[in-house]
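Residues 1 to 540 in the UniProt record's numbering are what the sequence shown lists, from first letter to last.
In this text, a Cβ means the ideal position worked out from N, Cα and C, and glycines have one as well.
See structure below.
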Amino acid sequence: MPPTHIAILGGGLTGLSAAFHLARRFPSTPITLLEKEHRFGGWVRSERVEVADGQRRRESMVLEAGPRTLRPRSMAVLELIHLLNLTPALLTVPLAAPAARTRFLHLPPRPGLVPLPSSSFSLLSSPLAPLLLSALLREPFRASNRPDGVEDESVDAFLSRRFGRELARVMGSALVHGIYAADSRVLSVRAAFPALWDAETQGRGSVVLGMLRRKQGEGEQETYETGEVEETMKGVSVYTFIEGMETLVHALLGALRQRENVRLVSGERATALSLDPISKSITITTPTHTLHPSHLVSALPLPALAALLPDDPSLRLPHLTANPSASVTVVNLVFPQRVHPDGFGYLVPRSSGEEEGKGGGEGRVLGTVFDSCVGGAQDRVLGDDTGERFTKVTMMLRAPSRSSSPSHSPSSQSLLRTLTTHLSPSPSPLPQPLLVRTHAQTECIPTPTVGHLARMKELREVLGKEPWGGRVEVVVGDLKIAGRADVGMVIRVYRHLRIGTGHQERRALLLLAILGISGPLGRGLDPLRVLTRCLLHKRA
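In structure tokens form, the structure reads like this:
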């Protein structure tokens, strides 16, 4: 039986994508989307600002408070771009560009940056060669050492077991900082990097052999409406939009507002969610309205969904508060001149002091994006000045949880001292920034801890049984700092939502996809790209 009324909780990119695909599938079904804030888009926020240096130089620049790039691998995202007619708004970074080929690590306590190898030759000459070559060459000859009965483990434990503790600390923790702003010692390897776990299985204990044995062409087999977008993406490393990532949000809003069956409600927080066990009627309560949809899509963080449910044991959903969430401080800085080498940016691994519990914590830098290399074409000179262009960078810092108070934000001078140490082995100070923007992203990135997949399987089973009976779909999309094509996973889910397609097919679908469009550090530092480059000497 088709739905008679669909409600969507959450107006971020996940909720908007849900509404868009559901409206296409059910053009005559009323759809109501509730967003607690007065703006839509969630963590996606782009701002065009005018910057001046006081010497007649002015530029118009796009700053991102959240995700900033996408990778072209997800056909579902390319389809969305085509359906929304966003091809003219695209801004692409070719595979041959420095932003695509060059990435760095900062290895405390040493000042300066270390480039990540991008080829076999660069690996041999890299300061990381002793660490990487030793780990790579030994791994295929290590005996299979996955403990019997273990169904999951932390990223750090997995990499330590197969590649050694030092590679796990340096490479593994840096990747996890860049994607989840989390500790690799608690993050689930099966949830975060399933391809690594699968490669070990396929390689009969060896990750390297398992990756070498993987069949070419594995991936999406579905047909998508991509038009000319797929051709446009050939030879592209990452892409964004001329006016920033919020272009995607505005396009979705424009398309939804043209549909008579869709109602977008902002500034309206859901305060309670209940289900009548007899009539199976869903009730959503807000301060001003009561809704009775036949089906519900929740795009809320799982703890927020848990807070809406009644105390009734029969309606209890398991594991909604099982995972912690990381908070990130995002700092945009604009300098009057170039301050960094060409490249995408850098990540900072866990220090040896942290390994002993002596370092880290709030305020530490997780990584920095060289935005002028990645999205410099968004910016334009105002007037007839032809001098040196301004430079924009974005720093990501670990922030206190459950606090967005400006008092927790680091000072500009503190950031400058840190950035100076990171960028150069010499003590030359950086110029004063022309502009500083600080954004507190509180609990923006859930950390799927060990056992996450098993917990989500149980949650999916509960949602599929009575009394919920498949009437509720739960998809969570939150900001990742970097990450893989999770926005494509979210869109694929909504493209094929099982609402109203029969009891068996209506089983609730849970995708804890932690939306990454690529987050502040961009998709250019996704784990498989770096690990396959470093572990297999290949360009991903």
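In whole angstroms, what is the alpha-carbon distance linking residue i and residue j?
| i | j | result |
| --- | --- | --- |
| residue 471 | residue 284 | 13 Å |
| residue 250 | residue 77 | 15 Å |
| residue 239 | residue 312 | 47 Å |
| residue 430 | residue 114 | 19 Å |
| residue 138 | residue 49 | 51 Å |
| residue 38 | residue 94 | 37 Å |
| residue 461 | residue 279 | 21 Å |
| residue 69 | residue 395 | 15 Å |
| residue 18 | residue 463 | 18 Å |
| residue 296 | residue 302 | 14 Å |
| residue 422 | residue 342 | 15 Å |
| residue 13 | residue 410 | 29 Å |
| residue 329 | residue 391 | 20 Å |
| residue 166 | residue 82 | 44 Å |
| residue 457 | residue 381 | 52 Å |
| residue 128 | residue 206 | 22 Å |
| residue 417 | residue 398 | 17 Å |
| residue 226 | residue 232 | 10 Å |
| residue 344 | residue 100 | 7 Å |
| residue 184 | residue 164 | 14 Å |
| residue 8 | residue 444 | 20 Å |
| residue 28 | residue 292 | 17 Å |
| residue 179 | residue 289 | 38 Å |
| residue 150 | residue 161 | 13 Å |
| residue 351 | residue 130 | 18 Å |
| residue 412 | residue 436 | 8 Å |
Once DSSP output is grouped into helix, strand and coil, what is the label at residue i?
| i | result |
| --- | --- |
| residue 37 | coil |
| residue 211 | helix |
| residue 4 | coil |
| residue 12 | strand |
| residue 224 | coil |
| residue 201 | helix |
| residue 474 | strand |
| residue 325 | strand |
| residue 392 | strand |
| residue 411 | coil |
| residue 381 | strand |
| residue 317 | coil |
| residue 404 | Because the pLDDT at residue 404 is just 43, under 50, the model does not fix this residue reliably, and the point stays unresolved. |
| residue 291 | strand |
| residue 386 | coil |
| residue 339 | coil |
| residue 128 | coil |
| residue 235 | coil |
| residue 541 | This structure leaves residue 541 out entirely; the chain is present only between 1 and 540. |
If distances are taken between C-alpha atoms only, which option among the options comes closest to residue i?
| i | options | result |
| --- | --- | --- |
| residue 54 | 63, 336, 145, 319 | 336 |
| residue 348 | 266, 153, 366 | 366 |
| residue 474 | 188, 299, 277 | 299 |
| residue 450 | 293, 194, 296, 438 | 194 |
| residue 385 | 436, 438, 52 | 52 |
| residue 378 | 92, 71, 67 | 92 |
| residue 110 | 437, 426, 455 | 426 |
| residue 320 | 163, 123, 466, 455 | 455 |
| residue 74 | 222, 126, 20 | 222 |
| residue 543 | 236, 143, 66, 434 | The question about residue 543 has no answer, for the chain in this structure spans 1 to 540. |
| residue 340 | 428, 145, 290 | 428 |
| residue 147 | 236, 200, 338, 229 | 200 |
| residue 246 | 210, 169, 90 | 90 |
| residue 210 | 140, 44, 331 | 140 |
| residue 294 | 353, 304, 287, 282 | 282 |
| residue 372 | 383, 108, 393, 237 | 393 |
Checking the sheet assignment: what are the DSSP bridge partners for residue i?
| i | result |
| --- | --- |
| residue 462 | Paired residue(s): none; residue 462 is not in a bridge. |
| residue 49 | 61 |
| residue 331 | 395, 438 |
| residue 31 | 6, 262 |
| residue 272 | 285 |
| residue 241 | 90 |
| residue 345 | 369 |
| residue 296 | 7, 472 |
| residue 105 | 114, 347 |
| residue 247 | According to DSSP, which records beta bridges pairwise, residue 247 is partnered with nothing at all. |
| residue 189 | According to DSSP, residue 189 bridges with nothing at all. |
| residue 154 | 188 |
| residue 449 | 187 |
At a cut-off of 8 Å, is residue i close to the ligand SAH when judged by its beta-carbon and the heavy atoms of the ligand?
| i | result |
| --- | --- |
| residue 419 | What this structure holds is no ligand at all, so the ligand SAH is not there to describe. |
Taking contact to mean at least 3 C-beta pairs separated by less than 8 Å, is the stretch 260-276 in contact with the stretch 30-37?
-> Enough Cβ pairs lie closer than 8 Å, so yes.
Inter-stretch contact at 8 Å, needing at least 3 Cβ pairs: the stretch 3-10 / the stretch 228-243 = Taking a cut-off of 8 Å on C-beta distances, the stretch 3-10 does not touch the stretch 228-243, as fewer than three cross pairs fall below it.
Are the stretch 440-460 and the stretch 184-204 touching, with three or more C-beta to C-beta distances below 8 Å?
-> The answer is yes - the stretch 184-204 touches the stretch 440-460, with three or more Cβ pairs under 8 Å.
Kindly confirm or deny that the stretch 138-155 and the stretch 173-191 touch, where touching means at least three C-beta pairs closer than 8 Å.
-> Between the stretch 138-155 and the stretch 173-191 there are three or more C-beta pairs closer than 8 Å, enough to call the two in contact.
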